[in-house]
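Take a look at the structure below.
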Amino acid sequence: MTDSEGEVVRIEEVVKDFRPGFGLRRKRVLHGISFSVQRGEIFGFVGPNGAGKTTTLKLLMGLIRATSGKASILGHDVGESAFRREIGFLPENAYFYDFLTGREILDFYARLSGVPSARRKERVGTLLDWVGLSHAADMRIRTYSKGMAQRVGIAQALVHDPSVVFLDEPMSGLDPIGRKEIRDLILRLRAEGKTVFMNTHILSDVEMVCDRVAIIVEGRIRYEGRIEDFLAEGDGRCDLVLSGVAPEAIQELEEHHGAELRGHGDRVELSVKEKDVSQVLRRVLGQGADVLSVTPHRVSLESIFMDAVREDEEAGK
Ligand SMILES: Nc1ncnc2c1ncn2[C@@H]1O[C@H](COP(=O)(O)OP(=O)(O)OP(=O)(O)O)[C@@H](O)[C@H]1O
Ligand SMILES: [Mg+2]
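Residues in the sequence shown are numbered consecutively from 744, following our numbering.
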């Protein structure tokens, strides 16, 4: 869906200036950014530290105002308040009263967001179960691991069953297991038809869960695209891993195919043009070598990200 009906978040030419302190010069943090997020999408807002991700999210949450430009959620200007029950928010470095238990804190937020008392207990129980914390529901948050605290944060963002969820760095500070748990929760949100907007700089997580990304560098959007579009693209080369290759054959590969070789004992890794793969394989197999793997190069989010940062550095010279 790309029509305005399916558009959940829309940001147009948004500029944000901060005045770092009394008497200090204004600093432009967002330089007229524009992008949109479609219904049902997991959208990754990606950028290095200080790029402007949290600032953009605060603007969307109505916590700060844009210097100029327009931002809307579900067709409502972000300055309005009536649509807020449709959105959930996990702030960066979410702070909880850590002397409370997971159940108590969720009950507190459910109360704040107007969940009727008759339904609150059940809602809190469902959420604790949903984020996998039923076993720790009555432990103080102080005793939780970072991953558990982050899961309570996500449960808090879902307490009023919003249709759009905004997460600021949901995987930060988590180990690989914690990150996987959060990724799985995010994928479950999409399966339930929710739209997810997440700020992050952990590129592998973005590749695994997001449908689309925008890359922001120094307050400017440098890239926007669907993950599956760029993951399907290659650079026309292929990595081969071989064993038992005769030394003459190695020399021939370098000379005739411009192969870039890396060797580890009997194991040889080389990169060749995709169109030469069959010929190279026929030749080395004919000489008694074994083929361990053949992997086409794919464009990674990391290479797009590094290009975007480099482009920005060059533009700033
Ligand atoms: N209240 C403020 N006053 C002045 N400058 C600010 C303020 N808030 C943010 N900034 C500046 O705006 C820039 C963008 O900050 P922001 O927090 O949006 O970055 P970010 O992309 O979320 O980074 P990170 O990945 O570290 O969370 C930074 O240079 C920051 O110093
Ligand atoms: Mg941030």
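Cβ coordinates follow ideal geometry from the N, Cα and C atoms, glycine included. Since we're looking at a predicted model, the values are computed, not measured.
Residue pairing of C953 in beta bridges, as defined by DSSP: absent, with no partner found.
By the Cβ neighbour-count rule, A825 is exposed, with fewer than 16 other Cβ atoms within 10 Å of its own.
Secondary structure at M882: coil, using DSSP grouped into helix, strand and coil.
In this structure S986 is in contact with R1010, their Cβ atoms being roughly 5 angstroms apart against a cut-off of 8 angstroms. Restricting attention to G977, Q893, L800, V772, the CA atom closest to the CA of V907 is found in L800.
A Cβ-Cβ contact shorter than 7 angstroms links E835 with T797.
If you draw a straight line from the Cα of N942 to the Cα of L806, it is about 16 angstroms long.
In the DSSP secondary-structure assignment, H774 is bridged to V758. In the three-state scheme derived from DSSP, where H, G and I count as helix and E and B as strand, D850 is classed as helix. In the pairwise beta carbon analysis, the region 928-935 is classified as not touching the region 854-863: fewer than three pairs are separated by under 8 angstroms. For E865, the closest alpha carbon among the candidates L849, G766, H878 is that of L849. In this structure, the CA atom of V952 is about 26 angstroms from the CA atom of V867.
Excluding residues up to 5 positions away in sequence, K796, H944, I958, I959, V960 lie with their Cβ nearer than 7 angstroms to the Cβ of G790 in the same chain. For M914, the number of other beta carbons within 10 angstroms of its own is at least 16, and it is reported as buried.
Judged by their CB atoms, D982 and T1038 are nearer to each other than the 7 angstroms cut-off. Put simply, the backbone Cα of T844 is about 33 angstroms away from that of L946.
In this structure R980 touches H1040 by the C-beta definition: roughly 5 angstroms separates them, less than 8 angstroms. If you check the C-beta of A794 against ligand 1, you find a heavy atom less than 6 angstroms away. Distances from the CA of A975 to each of Q994, V984, E950 were compared; the closest alpha carbon is that of E950.
For P1039, no alpha helix (DSSP H) segment is defined; the enclosing uninterrupted segment is the beta strand (DSSP E) at 1033-1039. If you look at I970, you'll find it in the alpha helix (DSSP H) that goes 970-975. Not one heavy atom of ligand 2 is found less than 6 angstroms from the C-beta of E961. Beyond the five residues adjoining it in sequence on each side, L876 comes within less than 8 angstroms, by CB distance, of G845, M891, R894, V895, A898 in the same chain, given in chain order. Under the DSSP assignment, V867 falls outside any beta strand (DSSP E), being part of the alpha helix (DSSP H) whose first and last residues are 860-873.
The three-state reading of DSSP puts E1017 in helix, counting H, G and I together. A direct Cα-Cα distance of roughly 17 angstroms separates H1000 from V1034.
For R980, the uninterrupted beta strand (DSSP E) segment begins and ends at 980-986. Contact check for L870 against K889 fails: the beta carbons are separated by 7 angstroms or more.
Each residue's CA atom was taken as its position, placing V758 and E912 some 22 angstroms apart.
Remark: the C-beta of T799 is outside contact range of ligand 2, defined as less than 6 angstroms to any heavy atom. The alpha-carbon separation between A814 and E971 amounts to approximately 27 angstroms. When the five nearest sequence neighbours on each side are left out, the beta carbons in the same chain lying within less than 8 angstroms of the beta carbon of E1017 are those of G977, G979, R980, C981, P1039, in order along the chain. In this chain, the beta strand (DSSP E) harbouring K813 covers 811-816.
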